[in-house]
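These notes are about the structure you will find just below.
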Amino acid sequence: MSQNNSAMKVVGQSIPRIDAPIKATGKARYTGDMKLPGMLYGKMLFSSVPHASIVRIDVSKALALPGVKDVIVGKDTPGIKFGNWRLFPATQDELPLAIDKVRFIGDAVAAVAAISQDIADEAIGLIEVEYAPLPAVYTIEDSLAAGAPLIHDENKELTNNISLDRKIDVGDVDAAFATADYVREDTVFVHAVSHAYMEPCAVLVEPDTEGRLTIWTSTQTPYIVQCLLASTLAIPENHVRVVKPYIGGGFGGKMELRPWDFCASLLARRTGRPVRFVLTRVEEFEVGRRRHGMKIRSKVAFKKDGTLIAKDFEAYLDGGAYNSMGPTATFLCGNFGAMLYRYPNYRYRGHHVYTNKPPAGAMRGFGAPQALYLSETQMNIAAEELGIDPIELRLKNAMVTGDVIEGVTRISSAGFVESLHKVAEMTNWKEKRASLAPNKGIGIGCYSFISGGVFNWFNTQYNFASCEIRAYSDGTAHLLTMAADIGQGSDTVLRQIMAQDLGLDPEQIRLTAADVTMTPKADLGTWGSRVTLMNGNAVLDATQKMRAELAKMVSLRFNLNVIHEVAFADGRVFAKAQPAKGISFGEAVTMWVKANRGEELVVRGHYTPRDLGLTSPAYSFGAQVAEVEVDPETGVVTVEKVSTAHDCGTVINPLAVEGQLEGAIQMGLGYALCEQFVMRDGKTLNTTFLDYKVPAAEDMPAIASAAIETYEPQGPLGAKEAGEGLAIPTAPAVSDAVWHATGYRCKDLPITPEKILRATGKL
Amino acid sequence: MDKVCITLNVNGDRYELAVDPWRTLVEVLRDDLNLTGTKIGCQTGDCGACTVLIDGKSVASCMMLAVAADNKNIATIEGLSTGQDELHPIQEAFVEQGAIQCGYCTPGMVLSTKYLLDQNPDPTETEIRQALSGNLCRCTGYHRIVKAVEAVAVKMRADGKGE
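Top line first, the protein sequences correspond to chains A and B.
For the first sequence, our numbering gives the first residue as 272, with consecutive numbering after it.
For the second sequence, our numbering gives the first residue as 9, with consecutive numbering after it.
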């Protein structure tokens, strides 16, 4: 028997994703790939006007078209509003199909089910809708102006178009400003961008004869879709089984109930046949959620040595026609305004504003890319004006482990200082910042992000994350989790965590994920970078219970003294100090089953953050440096290199973390330089990838990175998030580098050649 | 308009079909032949998710009518690997190098890689990036994909399969 009792190291290994081979061969089934016998094809009719009363809808011609099986409009529905903030019902402002009013170009008005996609498409064109136009507003300013039309006049609690305010107050901001040596105030406008996930949304619903539904849908949040479908259809939650197939990316854009989910379900119930909807890319750009555009003002106060003493932060979010995830973004924007540095006094006022545009929702960073674009840009301006190096100024004020934002949160691990030192070293920062060739620039941006939210605005009565582990005599185990892998890699990472703790080979673990009536309740889904921490903790809760059960067997079998620790490694269960006293994992399971008279060995694990402040159990940190060259004649920015040092706690899978970083840089570059919606009178004009430019392979810079490992006590095996935070620093870093190269400081993203040429007097 | 009878040779199999003349190749591959490995990302030829090889050349199958592929040889992702468990070296490299996240762009990316390496067995990094710039990916930032292509180019040259 091997004397080697060291644990097989699974965590920390760059294990390829378990779903990579099936995706590489084209066998992975996404929702739009699925078909069922008798299936009908669906199509949505979206509003063509930005704000109007619906006078009349005539579906008779559509219904008369041969092959059309059903057409539904608002009055065919229970008329129940929905939204993710169930704790505050007044915020639930959206109907799955409009009844008397439309509020943006893209509001869902009707839906068709037909025997072919061509017929469904044709039928949509035969639906006649008569609108009585209402005045519409498209900007924060117009929406808040006196006499602006009330977009949600049905909500008698609202006296203007602000749907919701959030505030944070720490210390005495006004008193602190009175003692400041240096005060800086800036206002920026940050723009809306698209998630542009590669898989357009799709849904397939199969009804049974008792009216229960099975739904395959491209969602990040199967449980949320289950709950909100049940409430809008007015049927029990348990009648709705949401199954997550493979998902082609989400980035926050697939975390709500969407009208096609509802319409496919209602049409399936009415026709008794499976119904499938697949959106087109044009529809995605027109009606898909987007990142909030925001107007943000920030005033900061420093002592002359560079010590921050106060910040006054105010954000207006351009929410579009409905709340969507805006309330959460409004809160988090304020939270992130207080992050990264110690602000002994902090005031935040956030306002979510309705406009007659497509609603903004969650998008990778969820309020942070906007808040930190301003905060980081302002830090760089302040550094210049105070005559302190930007990294030195940050080091002076950087959050460290143990820091507390009074009444808001506690930082239980922070590798920010180390990240700043590391990125300075990696880039030869001091020298390059001091002397660069003409038209070249180097700049910095930093970030912090939550590892899941502690808030329960969805108002679930269940645990935030849950799982079940079943163990078998053949030495294998089965993990059932509601965690939704949408491409980020949670199936792989959760299996690694479980394998490590039970001493199993990951390949011995079968995994079933995200099937809401089969996997243990509940899970709030994939958003807010919550999955590794929350589901990882749930897995560890279950593995601990499993270990306790199997330890009993080894103790009994070898008559172990109670002082012995039982270890799990290499597929064995054994006395840690006497490895020979042990049996295989499978034998231990067999013993347990026999000892329990044939019962299957099943344990459950749960995680819910409790009494951990208002925001998150844990925070990632990082610093990024961008190096650019700006063509003085054309204003075109070439990003040559992006270097990042970041702290995501224990790195469970380096390959997966690197992948998140590289993808985040791509998204950050798009945000900084080339992505934006072109809107006219509420209509989205750029609805193809030709006109909405996302970075391609040849647009990418060289990338260097270093992981600063900390141990996060709230995280599973010390881990925290690596998904969203990394999408934040690129825009401020590139912006700072462009300033360094040209003197142009961007205060209205994106940084276009035109803006640079105007600033440099070339236009 | 009447349907048109066409013959598609897909992954070595011959299919005789009657199709509406306006239907695109990707629709016929997915809906009629159930070859759903070829993805639809945009239907405007901008994203590359629907890339297939026609007589060895990479084509956005959303921009080609099915009738235009009559009697042509079409290779889709399903035809790249032989056997149940075996991956083509390009697929293997994508798996090992972490080039796959959500996977939606992967089939198109893999076929664009095949086309590149068929033309140019020893591409530079710039040539790889240019060759893949018609295939959008929103997850990876392309770096692992480029690394995968570099790795498989070396391997295929060593194995003498570079052609």
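Yeah, the Cβ is synthetic: ideal placement off N, Cα and C, and Gly gets one too.
Same chain, Cβ closer than 8 angstroms to residue i, neighbours up to 5 away in sequence not counted
i	result
D63 of chain B	K80 and N81
K964 of chain A	G941, C945 and E946
W728 of chain A	N355, W356, R357, L358, F359, P598 and T599
Rounded separation between residue i and residue j - CA only
i	j	result
D78 of chain B	R801 of chain A	50 angstroms
P420 of chain A	N651 of chain A	40 angstroms
E477 of chain A	S536 of chain A	8 angstroms
K701 of chain A	A695 of chain A	7 angstroms
I979 of chain A	G893 of chain A	9 angstroms
T698 of chain A	K280 of chain A	32 angstroms
G170 of chain B	K65 of chain B	Low confidence applies here, because G170 of chain B scores a pLDDT of 44, under 50, leaving its location unreliable; read the following figure in that light. If I take the Cα positions, the gap works out to 16 angstroms.
N432 of chain A	I411 of chain A	9 angstroms
D304 of chain A	G49 of chain B	12 angstroms
A416 of chain A	H623 of chain A	15 angstroms
Q641 of chain A	A539 of chain A	41 angstroms
N426 of chain A	V913 of chain A	47 angstroms
V910 of chain A	Q937 of chain A	11 angstroms
G678 of chain A	F359 of chain A	22 angstroms
P925 of chain A	A291 of chain A	16 angstroms
D54 of chain B	E555 of chain A	15 angstroms
Y718 of chain A	V688 of chain A	12 angstroms
E995 of chain A	Y625 of chain A	26 angstroms
H462 of chain A	P1003 of chain A	14 angstroms
A859 of chain A	L821 of chain A	6 angstroms
I1044 of chain A	T981 of chain A	Nothing can be reported for residue 1044 of chain A, as the shown portion of chain A is limited to 272 through 1034.
G396 of chain A	E900 of chain A	50 angstroms
V928 of chain A	L25 of chain B	46 angstroms
Where the alpha helix (DSSP H) through residue i begins and ends
i	result
G543 of chain A	That residue, G543 of chain A, is in no alpha helix (DSSP H); it is neither H nor E in DSSP.
D762 of chain A	S761 to L773
K865 of chain A	F856 to A866
G1036 of chain A	For residue 1036 of chain A there is no data in the structure shown, the boundaries of chain A being 272 and 1034.
K314 of chain A	Taken as a continuous stretch (DSSP letters only), K314 of chain A belongs to no alpha helix (DSSP H), being part of the beta strand (DSSP E) at L311 to F317.
A419 of chain A	Looking at the DSSP string, A419 of chain A is not in any alpha helix (DSSP H), and its letter there is neither H nor E.
K816 of chain A	V802 to F829
The beta strand (DSSP E) enclosing residue i, as first and last residue numbers
i	result
F687 of chain A	Segment F687 to T698 is the alpha helix (DSSP H) holding F687 of chain A; no beta strand (DSSP E) there.
E425 of chain A	Here E425 of chain A belongs to no beta strand (DSSP E), and DSSP marks it neither H nor E.
I486 of chain A	L484 to T488
L435 of chain A	I433 to V441
Q779 of chain A	Neither: Q779 of chain A is in no beta strand (DSSP E) and is coded neither H nor E.
Per-residue burial, residue i [other beta carbons within 10 Å of its own, 16 or more giving buried]
i	result
E1025 of chain A	exposed
T503 of chain A	buried
L500 of chain A	buried
N734 of chain A	buried
T430 of chain A	exposed
S403 of chain A	A quick correction: the sequence has Ala, not Ser, at residue 403 of chain A. A403 of chain A is exposed by the Cβ-count criterion.
N806 of chain A	buried
R529 of chain A	buried
S434 of chain A	buried
E399 of chain A	exposed
E933 of chain A	buried
Chain-order list of residues whose beta-carbon lies under 7 angstroms from that of residue i (same chain, five-residue window excluded)
i	result
G746 of chain A	Q779, G842, S855, F856 and G857
G520 of chain A	Y468, M469, E470, I757 and G758
S285 of chain A	N924, P925 and L926
R437 of chain A	T601, F602, G605 and G621
D371 of chain A	S324 and I325
Nearest-angstrom beta carbon gap, residue j and residue i [assumed within contact, 8 angstroms]
i	j	result
S1036 of chain A	G638 of chain A	Because chain A in this structure spans residues 272 to 1034, residue 1036 of chain A falls outside the shown range and cannot be described.
K628 of chain A	M950 of chain A	7 angstroms
A755 of chain A	A784 of chain A	7 angstroms
P493 of chain A	M753 of chain A	7 angstroms
K122 of chain B	L144 of chain B	Not confirmed; about 18 angstroms, so no contact.
6 angstroms CB neighbourhood of residue i in its chain, flanking five on each side removed
i	result
F548 of chain A	G313, V474, W531 and A535
A299 of chain A	I293 and Y517
N275 of chain A	Low confidence applies here, because N275 of chain A scores a pLDDT of 33, under 50, leaving its location unreliable; read the following figure in that light. Nothing meets the Cβ criterion.
P987 of chain A	I768, G807, N808 and L811
K155 of chain B	Q105
R1109 of chain A	Since the first and last residues shown for chain A are 272 and 1034, residue 1109 of chain A lies out of range.
Within-8 angstroms CB hit, residue i to chain D
i	result
E470 of chain A	Protein chains in the displayed structure are A and B, and chain D is not among them.
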